[in-house]
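Participant: Note that the numbering used here has the sequence shown beginning at 1, numbered continuously upward. Got a structure for you, questions after.
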Amino acid sequence: MKLASSLFAAIITLALSGCIINVNGASAGPLDHQKKQIQIEAAGIDTFVANTGAGDLKIQGVTGLTQITVVADIYTYGDIKADLTLEKSGSNAKLVAEFDSNINFSRSPYIDLTIQVPADMILKIDDGSGDIEIKNVSANIELEDGSGDLSIQGGHNLSITDGSGSVSITNTTGKLTLEDGSGSINLNGIGGDTSIDDGSGDMTVTNVNGHVVIDDGSGDIEVDNTKGLSIVEAGSGDLSVDNINGSVSMN
């Protein structure tokens, strides 16, 4: 009998290892809410690295700020706990805010984040889903986003990869590289050369202090006031071009 019990336990352990665990919600009512705040000293840190899952993300740069502060609104149910940590690693501050990816949730827990960082701190963000808003950061920004609307006001050199959702980027001081899947794009006041690889959605590009390169699948394109323009592919949709102060090429 003991041998049979041990064998059964071994089979259960083997079956669970490496598989996705299904977790059912007790009801369809509202998710439980919990607010947490974590912070670390910003001294000696030049880069903020974040790995975030589902939920809205707001990042504000503050000139002269001496601490990095994260306020998390956690929405979950049952005993499902969030993985929420903020730690210093060398010259990086590393934030993790997500739920276990091995769990198949019947209801979708999420974490809304409001973050303050020094204005001159570099950002490296890997986000799952939810809207993103970044304001008043003067440093470089690297962002990989799954889905949700994206709004950035400020930043120096930007490298953005976006899955779906509208994109609005304004008032940068450096170059911009944007790879977008679907959703409208609005770029205004970009400080340097700009490269756009877009799947679908209307695009408006205005007031760029550099050469603009566009490779587009579908959607209307409007370009006004740049230092040059190259259209690699315009796809389908109307094209409007005005006030190009440099070379123009269209394939």
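Every residue, glycine too, gets a C-beta built ideally from N, C-alpha and C. Since the structure is predicted, the reported quantities are computational estimates derived from the model, not experimental observations.
1) Taking three-plus beta-carbon pairs below 8 Å as touching, is the stretch 150 to 157 in contact with the stretch 130 to 138?
2) Specify the secondary structure class of Leu31 as computed by DSSP and reduced to three states.
3) Excluding the five sequence neighbours on either side, which residues of its own chain have a C-beta within less than 6 Å of the C-beta of Gly189, listed in chain order?
4) What does a CB cutoff of less than 6 Å around Glu179 pick up in its chain, not counting 5 residues either side in sequence?
5) For Ile134, which three-state DSSP category applies?
6) Less than 8 Å between the C-beta atoms of Ala82 and Ala97, yes or no?
7) Whole angstroms is fine: what's the gap from Ile59's alpha carbon to Lys175's?
8) If we ignore side chains and look at the alpha-carbon of each, how far apart do Asp46 and Asn157 end up?
9) Give me the Cα-Cα distance between Met203 and Ser129, rounded to the nearest whole angstrom.
10) Going straight from the alpha carbon of Asp145 to that of Ser91, what length do you get?
11) With distance defined between alpha-carbon atoms, name the residue in Ser240, Thr226, Val70, Ser247 nearest to Thr85.
12) Sort Asn251, Ser230, Asp224 by Cα distance to Asn243 and report the nearest one.
13) Could you tell me the distance, in whole angstroms, from the CA atom of Ser240 to the CA atom of Val62?
14) Give the C-beta separation of Pro109 and Tyr75 to the nearest angstrom, bearing in mind that I take them to be a contact with Cβ-Cβ under 8 Å.
15) In terms of DSSP beta bridges, what is Ile115 paired with?
16) Specify, as a first and last residue, the run of the beta strand (DSSP E) that Gly53 falls within.
17) Do Asn245 and Lys227 have their CB atoms nearer than 8 Å?
18) Does Ser236 pass the burial test, meaning 16 or more other C-beta atoms within 10 Å, or should it be called exposed?
19) Quick check on the burial criterion: 16 or more other C-beta atoms within 10 angstroms. Buried or exposed for Ser247?
20) For Asp224, report the span of its beta strand (DSSP E) as first-last.
21) Name the two residues that bound the continuous beta strand (DSSP E) containing Gln122.
22) Can you tell me whether Ala43 is buried or exposed? The criterion is at least 16 other CB atoms within 10 Å of its CB, across all chains shown.
23) So, for Ser166: in the same chain, excluding its five sequence neighbours on each side, which residues have a beta-carbon less than 6 Å away from its beta-carbon?
Facilitator: Looking at the atomic coordinates:
1) yes
2) Taking the sequence shown and counting its residues from 1, the one referred to as residue 31 is at position 31. Three-state result, Leu31: coil.
3) On the sequence shown, residue 189 is found 189 positions in, with the first residue counted as 1. The residues are Thr170, Asn171, Asn207.
4) As a position in the sequence shown, residue 179 is number 179, starting the count at 1. Answer for Glu179: Thr161, Asp197, listed in chain order.
5) Here residue 134 is taken as the residue at index 134 of the sequence shown, counted from 1. Ile134: strand per DSSP, three-state reduction.
6) Residue numbering aside, residue 82 sits at position 82 when the sequence shown is read from its first letter. Residue numbering aside, residue 97 sits at position 97 when the sequence shown is read from its first letter. Yes, these two residues count as a Cβ contact at 8 Å.
7) Looking up residue 59 in the sequence shown gives position 59. Looking up residue 175 in the sequence shown gives position 175. If you take the alpha carbons of Ile59 and Lys175, they lie about 20 Å apart.
8) For the purposes of this step, residue 46 is taken as residue 46 along the sequence shown, with counting starting at 1. For the purposes of this step, residue 157 is taken as residue 157 along the sequence shown, with counting starting at 1. Between Asp46 and Asn157, the C-alpha separation is close to 15 Å.
9) By one-based count along the sequence shown, residue 203 stands at place 203. By one-based count along the sequence shown, residue 129 stands at place 129. Straight-line Cα distance between these residues: approximately 22 Å.
10) In the sequence shown, residue 145 corresponds to position 145, counting from 1. In the sequence shown, residue 91 corresponds to position 91, counting from 1. In a straight line, the C-alpha of Asp145 is about 24 Å away from that of Ser91.
11) Residue numbering aside, residue 85 sits at position 85 when the sequence shown is read from its first letter. With distances taken between Cα atoms, Thr85 lies closest to Val70.
12) Taking the sequence shown and counting its residues from 1, the one referred to as residue 243 is at position 243. Nearest option by C-alpha distance: Asp224.
13) Within the sequence shown, residue 240 is the residue found at index 240, counting from 1. Within the sequence shown, residue 62 is the residue found at index 62, counting from 1. If you take the alpha carbons of Ser240 and Val62, they lie about 38 Å apart.
14) Stepping through the sequence shown from its first residue, residue 109 is reached at position 109. Stepping through the sequence shown from its first residue, residue 75 is reached at position 75. Contact holds; Cβ gap of about 6 Å.
15) As a position in the sequence shown, residue 115 is number 115, starting the count at 1. Per DSSP, Ile59, Val70.
16) Along the sequence shown, read from residue 1 onward, the residue named residue 53 stands at position 53. It spans 47 to 54 - the beta strand (DSSP E) in which Gly53 sits, taken as one unbroken run.
17) If you number the sequence shown from 1, residue 245 lands on position 245. If you number the sequence shown from 1, residue 227 lands on position 227. Contact: yes.
18) Start at 1 with the first residue of the sequence shown, and residue 236 comes out as number 236. So Ser236 counts as exposed.
19) Locating residue 247 in the sequence shown gives position 247, where the first residue counts as 1. Exposed, because fewer than 16 other Cβ atoms sit within 10 Å of the Cβ of Ser247.
20) Position 224 of the sequence shown, counted from the first residue, corresponds to residue 224. 221 to 226 is the extent of the beta strand (DSSP E) around Asp224.
21) Your numbering for residue 122 matches position 122 in the sequence shown. The amino acid occupying residue 122 in the given sequence is Ile; Gln does not appear at that position. Here the beta strand (DSSP E) through Ile122 covers 122 to 129.
22) Locating residue 43 in the sequence shown gives position 43, counting from the first residue. The residue in question, Ala43, is exposed, as its Cβ has fewer than 16 Cβ neighbours within 10 Å.
23) Here residue 166 is taken as the residue at index 166 of the sequence shown, counted from 1. Hits under 6 Å: Asp149, Gly183, Ser184.
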